[in-house]
Every structure is written in C-alpha cells, then in structure tokens.
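**Q** Got a structure for you, written out below as structure tokens; questions coming shortly.
2 protein chains.
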Amino acid sequence: MAENTAAAIEFARGNQQRFVEELKALLRIPSISTLPEHAPDVRRAAEFIAGELRRIGMENVRLVETVTDGHPDGHPLVYADWLHAGEGVPTVLCYGHYDVQPAEPLDEWTTPPFEPAERNGNLYARGAVDDKGQMWMHVKALESLFDAHQGKLPVNVRVLIEGEEEVGGEGIAWFVREHGGQLRADVVLISDTDMFAPDLPTLYVGLRGMIYTELEVRGARTDLHSGMYGGAAPNPFVALAQMIAKLKNEDGRILIPGFYDKVAAPSSDELRTWKTLAFDEERYRENQIGSRELIGEPEYGVLERIWTRPTLDVHGMPGGFIGAGAKTVIPAKAVAKISMRLVPDQVPAEIFAQYKAYVESIVPRGVEVTVRLIHSADPIVVSTDNPYVKAATSAMHEVFATETVFVRSGASIPVVGDFVRELNMPTLLMGFGLPDDNLHAPNEKFHLANFHRGIESIVRFLAKVGA
Amino acid sequence: MAENTAAAIEFARGNQQRFVEELKALLRIPSISTLPEHAPDVRRAAEFIAGELRRIGMENVRLVETVTDGHPDGHPLVYADWLHAGEGVPTVLCYGHYDVQPAEPLDEWTTPPFEPAERNGNLYARGAVDDKGQMWMHVKALESLFDAHQGKLPVNVRVLIEGEEEVGGEGIAWFVREHGGQLRADVVLISDTDMFAPDLPTLYVGLRGMIYTELEVRGARTDLHSGMYGGAAPNPFVALAQMIAKLKNEDGRILIPGFYDKVAAPSSDELRTWKTLAFDEERYRENQIGSRELIGEPEYGVLERIWTRPTLDVHGMPGGFIGAGAKTVIPAKAVAKISMRLVPDQVPAEIFAQYKAYVESIVPRGVEVTVRLIHSADPIVVSTDNPYVKAATSAMHEVFATETVFVRSGASIPVVGDFVRELNMPTLLMGFGLPDDNLHAPNEKFHLANFHRGIESIVRFLAKVGA
Chain P
1 MAENTAAAIE FARGNQQRFV EELKALLRIP SISTLPEHAP DVRRAAEFIA
51 GELRRIGMEN VRLVETVTDG HPDGHPLVYA DWLHAGEGVP TVLCYGHYDV
101 QPAEPLDEWT TPPFEPAERN GNLYARGAVD DKGQMWMHVK ALESLFDAHQ
151 GKLPVNVRVL IEGEEEVGGE GIAWFVREHG GQLRADVVLI SDTDMFAPDL
201 PTLYVGLRGM IYTELEVRGA RTDLHSGMYG GAAPNPFVAL AQMIAKLKNE
251 DGRILIPGFY DKVAAPSSDE LRTWKTLAFD EERYRENQIG SRELIGEPEY
301 GVLERIWTRP TLDVHGMPGG FIGAGAKTVI PAKAVAKISM RLVPDQVPAE
351 IFAQYKAYVE SIVPRGVEVT VRLIHSADPI VVSTDNPYVK AATSAMHEVF
401 ATETVFVRSG ASIPVVGDFV RELNMPTLLM GFGLPDDNLH APNEKFHLAN
451 FHRGIESIVR FLAKVGA
Chain B
1 MAENTAAAIE FARGNQQRFV EELKALLRIP SISTLPEHAP DVRRAAEFIA
51 GELRRIGMEN VRLVETVTDG HPDGHPLVYA DWLHAGEGVP TVLCYGHYDV
101 QPAEPLDEWT TPPFEPAERN GNLYARGAVD DKGQMWMHVK ALESLFDAHQ
151 GKLPVNVRVL IEGEEEVGGE GIAWFVREHG GQLRADVVLI SDTDMFAPDL
201 PTLYVGLRGM IYTELEVRGA RTDLHSGMYG GAAPNPFVAL AQMIAKLKNE
251 DGRILIPGFY DKVAAPSSDE LRTWKTLAFD EERYRENQIG SRELIGEPEY
301 GVLERIWTRP TLDVHGMPGG FIGAGAKTVI PAKAVAKISM RLVPDQVPAE
351 IFAQYKAYVE SIVPRGVEVT VRLIHSADPI VVSTDNPYVK AATSAMHEVF
401 ATETVFVRSG ASIPVVGDFV RELNMPTLLM GFGLPDDNLH APNEKFHLAN
451 FHRGIESIVR FLAKVGA
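Protein chains in written order, with full-length UniProt numbering: chain P, 1 to 467; chain B, 1 to 467.
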C-alpha cells in the first residue's frame with residue numbers, strides 16, 4: 001500500500017504542469033453563479049468537470065438538476081462515485097464547488113480575472129483558490145491514485161461538486177435533504193479553506209453562518225429634483241443611513257434586540273490553542289487589511305472577533321446616481337445589501353426574524369421598507385473526535401513535516417451545516433489556501449506549491465483512510 | 001408698435017409646428033454636461049443654437065470658450081447680440097442653458113429620453129423644459145419680433161446661453177467675473193422655472209443655493225471577503241451611514257454646527273402672499289411626491305421648507321457590489337454624493353468649511369475620509385422694485401388674463417447669483433414649466449401650450465421694454 005501511495009505521489013509530481021494547464025482551462029470559464037447571464041458558463045464548468053471525472057475512471061458521473069423553492073432552475077450538481085474498494089473500507093465524500101464570485105471591480109485586476117496568469121509561483125484568476133483550484137486537487141489526487149492502483153482506488157469515494165456555493169447553496173441543501181441517502185459516507189472532505197500561515201497545516205473546526213439580506217427603501221413615486229423637492233420629499237439613502245446606524249454602533253456591537261442571546265463562547269481548549277498561534281495583530285492589520293486601524297468589539301481579540309463573534313456588513317447600496325460628476329436627484333428608491341455573519345448557536349431563521357422586526361420598528365418617516373432574505377447558512381462547529389482527523393493530520397505531517405493546528409474560520413460554507421445536521425457525517429475542512437489569496441477580491445490567487453502539496457496530502461489521506 | 005407686436009404674435013402662431021420640430025431636433029442631441037463622453041454632443045448643441053441665432057438675424061454670434069480653474073476645458077457659452085434699437089432703449093440679456101441632466105434610470109422612460117415624443121399635448125424628452133424648450137422660447141420670440149419689425153428688434157438684446165448649468169456653471173461665472181463688461185444690460189430675462197399652478201403666471205424672486213459634495217471613505221487596502229475579515233475590517237458603507245445619520249436627524253434638522261447661523265427668515269410680505277396661494281399639502285404629497293408622508297422640519301410648512309429652509313440630500317452611494325444577487329465583499333472604499341441646498345444669507349464657501357470640519361470630527365474608527373466640493377451656487381433673493389417686473393406681469397396678464405404671483409424656488413440657478421452680485425442687474429425669473437414636469441427625472445416633459453404661451457409672453461415683454 002505504501003508502495004502504491006508512493007507511485008501515486010510520483011505520478012502527481014510527473015504531471016504537475018499538465019494539472020495546472022487543465023486548471024487554467026477550467027478557470028477560463030466565468031462560472032459566476034449570482035449573475036443570471038452567466039448561467040450557461042456555470043453549466044459549461046459543470047460539464048468540464050464531469051468529463052474529467054469520467055476520464056480518470058469515476059463511475060455514475062452525472063449532472064444533478066436541483067430544485068429551489070419548488071423550481072428546477074438552479075445550477076447543477078456534479079456527482080460521481082467509485083465504490084469497489086471492498087467490504088469494511090470507509091467511504092469518503094469529496095465536496096467542492098465550481099462556481100465563483102463576481103470579479104468586479106475589474107479595473108483592479110493586474111491580469112484579467114478569467115485569463116489565468118502565473119506570476120511568482122502563484123496562479124492568478126477568479127476561482128483560482130475559491131474553489132476551482134482546491135476542488136481540482138481532489139480530482140487530481142483521485143487520478144493519481146487510479147493510476148497507481150491500476151484503475152482502482154484504495155478507498156470508496158463519492159464526489160459532489162456544487163455550482164451555488166457563492167449564492168447560498170440552496171440546491172445542494174435540497175439534494176441533501178431529499179436525496180441524502182445517495183450520499184452516505186463515513187467522512188466528508190472539503191478543501192475550501194486556507195492555512196493559518198504558510199507551511200502550517202490547518203484544519204478548520206468551526207465556521208460562521210450568515211444571513212444575506214436586502215433592505216429596499218421607497219420614498220417618492222419617481223425620482224425627484226432635489227432643489228424643487230428637497231426638504232419635503234423623503235430621501236431613501238438618508239433613511240437607509242439612519243437605519244444602518246441603528247443596526248451597528250461604532251464599537252461594532254449589533255443593536256438588534258436578542259441578537260446575541262444564543263451566542264456560545266468558544267471552549268477554553270480552543271482559546272488556549274489560539275493563544276499559542278503566531279499572530280501579530282499589527283502585522284495582520286498591515287498585511288491583510290491595510291486600513292489605518294482595525295475595528296470591532298474592543299473586548300475581544302481579532303481572532304475571536306472574526307472566528308467566534310457575529311458581525312454585520314454592508315456590501316453595496318444600489319440606487320440613485322453613481323456616475324462621475326453631479327446629479328441632483330432624490331431617488332425614488334435605494335437598496336442596502338446587508339449581511340450578518342452568525343456563530344454557534346445562532347439560528348439564521350430566528351436572527352432574520354429578529355432583524356426584520358427591528359428594522360420595521362425603526363423605519364424613518366415618509367419611507368416604506370421591504371426586507372428580503374437572499375440566502376442563509378448555519379454556523380457550525382465540527383467534531384475532532386474521530387479517526388479521520390488523525391488520518392488527515394498524519395497525511396499533512398508527511399507533506400509539511402509539522403503538526404496541524406485546529407482553528408475556526410469566519411467564513412461560511414453553507415453545505416457543511418447540511419452534511420452535519422442532515423447526514424450526521426464528520427466533516428474535514430482541510431484547505432491549502434493562504435491568508436493573502438484575495439478571496440472574493442481582485443487578484444485572487446492560488447500558491448502553486450500549495451496546489452501540489454494539497455494533492456499529495458489528499459493522496460496520502462485517502463490512502464490512509466483505505467488502509 | 002402694438003401693430004408690430006400683433007404681427008409678431010401672428011407670426012409665432014403661424015409657425016407653432018415648425019418651432020416644435022426645431023426644438024425636437026435640438027432635444028435629440030444628448031448634451032449631458034456632467035458626462036465627459038458627451039462633450040462632443042454638448043458642443044454640437046451649442047453650434048445648433050448659434051446657427052439658428054445667426055439665421056434669425058442676431059449679430060456677433062459666437063461660441064465663447066470658458067476657463068475653469070485656469071484651464072480652458074469647459075463647455076462653450078453661446079453669445080449673440082442685436083444692439084441697434086437706439087439711444088435710450090433698454091437692453092435685455094436673455095439667459096438660458098442648453099446642457100441637460102443625465103437621463104438615468106433609462107428603463108423608467110416611456111419613450112427614450114433623446115427621442116422627443118408628443119403625447120397628450122406634452123413634449124417628452126430630457127431637456128424638454130429644463131432648459132432647452134424654455135431657452136428656445138427666447139429664440140423663437142426674437143425670430144417673431146425680427147419678422148414683424150422687418151429685420152429689426154424693438155429693444156436691444158444680448159443672448160447668453162451656457163452649457164454647464166447642470167454642473168455648477170463655473171465657466172459662465174468666470175466669464176461674468178472677467179468679461180462682465182461685455183454683458184452690460186438693464187435687465188436679465190431667465191426662463192428656467194415653472195409656474196406655481198397651471199394658468200398662473202409666476203415670477204420667482206428667490207432661489208436656494210447649494211454645495212454638491214462627495215464623501216469618499218476608504219477602509220481596507222483592497223476589497224475583502226466579509227466572512228474572513230468581517231468583525232475586524234472597517235466597512236466604508238457602515239462608516240458612511242454612521243456619518244450621514246449624524247449630518248441630519250429624523251426631523252430633517254441638519255446637525256452641522258453653525259449651519260443655520262446665517263439663515264434669514266422670509267419677509268412678512270412674502271409669508272402673507274404665500275398663505276393666499278392655493279396649496280393643498282395632501283394633494284401635493286399625493287400628486288407631486290407620491291410618498292406615504294412628507295418629511296422635513298415639523299415647525300415649518302411645506303412651501304417654507306422647500307423655498308426658505310436649507311436641506312441636505314444624498315444622491316447616490318457608489319462602491320461595493322450593486323448587481324443582482326449576493327456578493328460578500330467588504331469594499332475597500334465607498335462614496336456618498338451629498339448636496340446641501342442653501343438659503344439667504346448662507347455663504348457656500350463658509351457652509352462647505354463648516355461641513356468639512358464637522359465631517360472630519362465624526363470619522364468612525366478605521367477609515368479615512370476625503371471631502372470633495374464638486375460645485376456650489378449662491379442662494380439669492382431678487383428685487384421686485386423695478387419697471388421690468390411691471391412689464392413682465394403686464395405681458396403675462398395679456399396672455400393668461402390673471403395676476404402674476406411672486407414665489408420662491410427651492411432650486412438653484414448658479415448664474416443668477418453671478419448676475420446679481422457681479423453685474424448688479426435686475427433679474428426676472430419668468431418660466432413656463434409646470435410643477436409635474438419631472439425635471440431631472442424620467443419622463444421630463446414640457447406642456448406645449450405653455451411653450452407657445454411662453455413665446456407670446458416674451459414677445460409682449462420685449463416689446464413693452466422697448467416701448
């Protein structure tokens with residue numbers, strides 16, 4: 001078995017450049033799930049991956065059309081399996097996503113977001129690390145194992161790759177709920193996270209959840225001239241500003257009644273571990289944020305704020321005049337895109353209800369407000385008390401020659417809640433991104449050394465689970 | 001003379017349809033002064049008007065290149081004169097503007113903004129009433145008088161038409177300051193306002209001024225993922241909301257220290273007159289605003305609020321993600337376009353200094369703010385104690401058979417301050433728009449009956465001044 005693993009590693013090393021070129025081809029497809037005009041690209045990306053899974057030897061490869069709110073109009077899941085490793089051998093469910101965030105602002109990319117470019121050992125493109133590149137590590141680890149095992153795998157594997165992760169993952173949630181039996185596995189492997197520091201293997205054991213909402217404020221029936229009507233006509237932006245200022249104070253405290261009631265503190269074990277991490281707040285501010293000062297609740301450290309505390313952000317405020325120069329309009333309506341990150345044991349549906357009730361209680365004079373829930377995700381803490389965690393840390397030790405750290409992430413991966421809640425499967429968040437990979441931002445990248453080390457880690461992990 | 005005036009009226013009536021078709025040709029030119037890509041269209045509109053002024057018999061017709069901040073890069077003025085009416089005959093300076101506001105949101109126009117369309121006795125197009133249509137009344141009144149007087153006019157006339165009214169009029173301000181001697185006249189006639197009610201001739205005796213500003217807030221160095229950094233990275237939109245909420249309270253009171261210090265109350269005469277106007281607040285709310293409720297300082301009536309009280313509006317908040325769906329970005333920067341309407345005796349430069357100092361004192365943690373002044377205009381009250389006011393009210397009485405009302409406008413016409421302050425000329429704000437003309441909004445229109453009655457009123461006014 002060790003011999004086969006060594007052969008798989010050798011195969012992966014011998015094919016590094018081809019693996020990267022294939023990934024580039026996938027990255028050229030602008031599979032932006034939130035923009036309806038890119039729906040054909042999203043499907044094209046799904047078909048690209050399905051074709052490759054078939055080629056390497058996976059079976060039952062198919063696109064699964066999903067149903068959202070009773071309508072079969074979502075982006076497809078890619079499903080595949082290989083289940084011939086024999087009685088008693090565990091099954092690993094490899095999850096990833098092939099959809100990406102929008103690339104705006106386009107003018108801040110050094111090279112275009114959908115023309116992958118290698119610079120300084122990094123591959124730059126939208127989706128390079130989130131999550132096409134990391135999902136591709138799974139596919140390439142499987143290919144390497146198939147090659148080393150003469151068309152077989154040392155472990156049973158299911159692959160499930162979704163196209164709606166960046167828009168809330170409602171399709172996969174429906175599939176897990178309605179057809180979870182088809183996903184039975186002993187452990188879920190997800191590579192959609194980063195490492196706490198370069199060369200420091202990392203498992204994420206907690207994720208924040210979220211609710212993503214829109215507040216739409218309507219004032220006058222039509223856009224009005226601010227000279228003729230200013231002082232009598234309600235201004236939707238002013239109303240939104242007044243409401244947002246009542247949602248979060250300058251200390252980062254969210255003012256929605258009941259919002260913090262179910263927030264659970266991290267365990268003392270976790271807090272102790274995090275204190276041992278090499279974390280320099282000033283260096284983090286300078287290198288990762290670049291703002292004059294960090295913000296947030298002053299009574300918590302930065303890692304606690306981003307991993308264990310809920311927060312609220314405004315992502316954009318469409319409406320009115322946004323061109324260069326001056327237009328003296330009082331817009332008829334304006335929107336604020338507002339999301340809240342949630343932590344255990346907050347419940348998205350409860351938080352949305354509290355938020356909606358509070359917003360409706362603070363509507364300024366003269367305007368009407370509609371509160372919309374765009375999507376939500378459960379906050380999650382995953383168990384570390386299982387043999388798969390041991391296999392993962394051991395595999396990564398062989399590659400990185402150092403112990404794995406257990407941390408949390410402030411981000412949300414909606415499907416993790418579905419796997420844990422609906423299917424009760426242990427879930428490994430074993431990712432190989434770096435903290436400065438510019439996720440969701442211009443110049444997203446994947447450090448290519450980590451792409452290759454990730455493949456080797458996954459080869460070793462799968463071999464160990466099957467051993 | 002009465003005979004010539006009757007002949008001019010007859011000429012105007014006989015050419016109504018041609019006048020409208022010419023106006024449509026001018027309205028097809030998208031002379032949007034604030035958008036650099038339309039600069040050639042702005043110049044084309046200027047040349048169109050200059051050509052017509054030459055054709056009807058005006059002399060010294062030329063485009064005047066203006067200088068802004070020492071750079072000759074503004075939109076040109078159109079100048080013309082005819083000064084042979086003889087010794088002792090007064091000179092009238094006819095002012096108008098040929099630039100227009102942007103037409104967004106385009107999808108709310110019933111017919112495209114730059115394809116003029118007649119419906120129900122109205123002409124719909126961007127600029128129909130503000131100010132191409134009203135400026136064209138001047139040109140057509142002059143043409144009618146030239147025809148009736150065999151190529152002469154009964155009065156000395158200068159024409160000055162600018163292309164930067166919608167962007168603050170810096171070019172004309174420079175020209176008035178530096179070359180005001182070339183504009184010597186006894187009275188200025190401006191048709192860029194509306195009537196208080198249909199069929200009610202109206203002279204505006206006060207205008208609000210304004211400062212138009214941008215607040216740019218910068219947080220992180222680049223756009224960041226709100227999951228990974230939310231709770232530590234500053235959010236420019238949240239910061240802007242917190243600042244805007246401190247600029248204006250929910251009663252419409254502006255909170256900038258010193259802001260109201262120089263606000264002068266209207267005269268008791270004015271207040272008495274306004275009480276006699278047929279103004280139904282509920283009907284105004286329903287027909288002109290269409291919001292659930294009117295806003296503003298509760299201790300003032302609506303007309304006082306929009307005519308005599310300063311106010312603050314937000315016109316748009318560029319930055320972040322404004323597409324459909326969800327993008328979980330903490331934008332590196334965001335902007336708020338904020339203007340304040342000013343009233344006598346507020347001074348724009350002083351108000352901007354107060355605003356800037358106050359904004360800089362309320363900057364939330366973690367962000368940096370730049371305050372920019374885009375343009376400004378003086379608030380103004382014009383004198384009614386001169387013979388030209390009598391000529392105007394008498395001319396309009398002949399057309400409308402009713403007495404003129406004297407009101408104020410909440411809007412700003414920057415050049416009025418320049419004429420009054422620099423050249424000390426009495427200024428008549430005699431316009432023929434209607435309150436529901438949708439200025440600066442989709443479906444801007446001009447009621448064609450008023451276009452023609454306006455031409456007749458101006459013919460009679462010019463004849464009376466020359467009599």
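Ideal Cβ placement from N, Cα and C applies to all residues, glycine included.
Just the Cα atoms here: how many angstroms apart are Y355 (chain B) and L373 (chain B)?
**A** Looking at the two C-alpha atoms, the distance is approximately 10 Å.
**Q** Quick one: is D131 (chain B) near chain P, going by C-beta distance under 7 Å?
**A** It does not; no Cβ of chain P falls within 7 Å.
**Q** With 16 other CB atoms within 10 Å as the buried threshold, where does A103 (chain P) fall?
**A** It counts as buried.
**Q** Report yes if the C-beta distance between L448 (chain P) and D194 (chain P) is below 7 Å; otherwise report no.
**A** Not in contact: L448 (chain P) and D194 (chain P) (Cβ atoms no closer than 7 Å).
**Q** Leaving out five residues before and five after A25 (chain P) in sequence, what residues of the same chain have Cβ atoms less than 8 Å from its Cβ?
**A** F48.
**Q** Quick one: Cα of T5 (chain B) to Cα of M135 (chain B), how far?
**A** When rounded, the distance between both Cα atoms is 20 Å.
**Q** In chain B, which residues lie with their C-beta within 8 Å of the C-beta of A265 (chain P)?
**A** None at all; the shortest Cβ gap to chain B is about 15 Å.
**Q** DSSP has R408 (chain B) in a bridge; who is on the other side?
**A** According to DSSP, R408 (chain B) bridges with B:G206.
**Q** Between the stretch 436-452 of chain P and the stretch 144-154 of chain P, can you find at least three pairs of beta-carbon atoms closer than 8 Å?
**A** Short answer: they don't touch.
**Q** What three-state label does DSSP hand E286 (chain P) in the structure shown?
**A** In the structure shown, E286 (chain P) sits in a helix (DSSP, three-state: H, G or I).
**Q** Taking Cβ-Cβ distances shorter than 8 Å, what residues in chain P pair up with A39 (chain B)?
**A** Here the premise fails: no neighbours, minimum Cβ distance about 12 Å.
**Q** Does the beta-carbon distance from I201 (chain B) to T404 (chain B) come in below 7 Å?
**A** Looking at the sequence itself, residue 201 (chain B) is Pro, so the reference to Ile does not match. Yes, these two residues count as a Cβ contact at 7 Å.
**Q** Answer yes or no: does any C-beta atom of chain B fall closer than 7 Å to that of Q134 (chain P)?
**A** It does not; no Cβ of chain B falls within 7 Å.
**Q** Here's the rule: buried if 16 or more other CB atoms are within 10 angstroms of the residue's CB, otherwise exposed. What is S409 (chain P)?
**A** Flag for S409 (chain P) reads buried.
**Q** Could you tell me whether the stretch 312-319 of chain P touches the stretch 317-332 of chain B, using the rule of 3 or more Cβ pairs below 8 Å?
**A** These segments touch.
**Q** Helix, strand or coil for K337 (chain B)? Go by DSSP, reduced to three states.
**A** Strand at K337 (chain B).
**Q** Kindly list, in the order they appear in chain B, the residues whose Cβ is closer than 9 Å to that of G168 (chain P).
**A** By Cβ distance, chain B contributes A326.
**Q** Could you give the distance in angstroms between the alpha-carbon of F19 (chain B) and the alpha-carbon of R184 (chain B)?
**A** So the two alpha carbons sit approximately 29 Å from each other.
**Q** Can you give the Cα-Cα distance for E22 (chain B) and R43 (chain B), rounded to whole angstroms?
**A** Taking the straight line joining both Cα atoms gives about 17 Å.
**Q** Is there a C-beta anywhere in chain P that falls below 7 Å from the one on T66 (chain B)?
**A** Chain P contact via Cβ: absent.
**Q** Looking at the C-beta of N235 (chain P), does it have a partner C-beta in chain B at a distance below 7 Å?
**A** At least one chain B Cβ lies under 7 Å of N235 (chain P).
**Q** Hey, would you say Y95 (chain P) sits closer than 7 Å to V188 (chain P), going by beta carbons?
**A** For Y95 (chain P) and V188 (chain P), yes; Cβs fall inside 7 Å.
**Q** Measuring straight from C-alpha to C-alpha, what distance separates Q150 (chain B) and A463 (chain B)?
**A** Looking at the two C-alpha atoms, the distance is approximately 14 Å.
**Q** Across which residues does DSSP place T91 (chain B) in a beta bridge pair?
**A** DSSP output for T91 (chain B) lists B:N156 as bridge partner(s).
**Q** Does the separation of the CB atoms of I295 (chain B) and P234 (chain P) fall below 7 Å?
**A** Contact flag set, yes.
**Q** Could you tell me whether the Cβ of G454 (chain B) comes closer than 7 Å to any Cβ of chain P?
**A** Judged by the 7 Å Cβ criterion, G454 (chain B) is not in contact with chain P.
**Q** Hey, is the stretch 359-376 of chain P in contact with the stretch 206-219 of chain P, meaning 3+ C-beta pairs nearer than 8 Å?
**A** Segments in contact, yes.
**Q** Mind pulling the chain B residues with CB within less than 9 Å of F419 (chain P)?
**A** By Cβ distance, chain B contributes nothing, its closest Cβ being about 18 Å from F419 (chain P), past 9 Å.
**Q** Does the contact criterion of 3 or more C-beta pairs under 8 Å hold for the stretch 377-384 of chain P versus the stretch 416-427 of chain P?
**A** Because the criterion of three Cβ pairs below 8 Å is met, the stretch 377-384 of chain P and the stretch 416-427 of chain P touch.
**Q** According to the neighbour-count rule (16 or more other Cβ atoms, all chains shown, within 10 Å of its Cβ), is M1 (chain B) buried or exposed?
**A** Its pLDDT being 49, under 50, M1 (chain B) is placed unreliably by the model, and the measurement read from it follows with that caveat. With fewer than 16 other Cβ atoms within 10 Å, it is exposed.
**Q** So with CB distances below 8 Å, who are the chain B contacts of V367 (chain P)?
**A** Going along chain B in sequence order, the residues near V367 (chain P) (Cβ under 8 Å) are S291 and R292.
**Q** Does the pairing of the stretch 119-133 of chain B with the stretch 221-229 of chain B give three or more beta-carbon distances under 8 Å?
**A** Judged by Cβ distances under 8 Å, the stretch 119-133 of chain B makes no contact with the stretch 221-229 of chain B, as fewer than three pairs qualify.
**Q** Let me see if you follow: with CB-CB separation under 7 Å, is M1 (chain P) close to chain B or not?
**A** The pLDDT assigned to M1 (chain P) is 49, lower than 50, so where the model puts this residue is not dependable, and the model offers no usable value.
**Q** How about the stretch 276-295 of chain B and the stretch 275-282 of chain P: do they share at least three Cβ pairs that are nearer than 8 Å?
**A** Flag = no, the stretch 276-295 of chain B and the stretch 275-282 of chain P do not touch.
**Q** With 7 Å as the threshold, decide whether the Cβ of T308 (chain B) is near any Cβ in chain P.
**A** With 7 Å as the cut-off, T308 (chain B) does not count as an interface residue toward chain P.
**Q** Got a sec? Which residues, its chain only, sit under 6 Å from G454 (chain B) by beta carbon, not counting five neighbours each side?
**A** So the qualifying residues of the chain are M137 and F432.
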